[in-house]
Each structure stands twice: as structure tokens, then as C-alpha cells.
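This report concerns only the one structure given below.
Numbering (the working numbering), first residue to last: 25 to 82.
Below you can see the structure in the form of C-alpha cells.
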């Protein structure tokens, strides 16, 4: 990729890359993501889910 797109790769190396994922509440087998935040974080409490997310990324 560096040979074909050196400027793009240089920007990635310099600035990094961030992915954003938006999860619904319930599971959706037709979605590429599939799982909602209830299943992902094993809770139905939004505050608990946010806390578990923060602890997972640190």
C-alpha cells in the first residue's frame, strides 16, 4: 500500500486512525456489527455499559 499510496500512508502514520462504531440497543443479525450494546457490554444499564467501555479501552 505504501508503494501505491505513499501520501495516504504517511498521513496515517503521522495522525493515526480512529474507528467509530455505533451500536443499537438490541442484536441485529442482518447488520454487519450484529450485536447491540446490551450484548456487547452484558448490561441493560447505559452507565454500566459506558463504564465497561472506558475500562476496556484503557
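For every residue, glycine included, the Cβ atom is placed at its ideal position computed from N, Cα and C.
Since the model is a prediction, treat every value here as computed from it, not as a measurement.
Beta-carbon proximity list for residue i, same chain, < 6 angstroms, skipping 5 on both sides
i	result
residue 62	49, 68
residue 65	73, 76
residue 59	51
Cβ shell of residue i (< 7 angstroms), same chain only, five flanking positions each side left out
i	result
residue 45	57
Residue i - DSSP class collapsed to helix/strand/coil
i	result
residue 63	helix
residue 77	helix
residue 82	coil
residue 30	helix
residue 44	coil
residue 49	coil
Cut-off 8 angstroms between Cβ atoms - residues of its own chain near residue i, not counting five sequence neighbours on either side
i	result
residue 47	57, 59, 60, 61, 64
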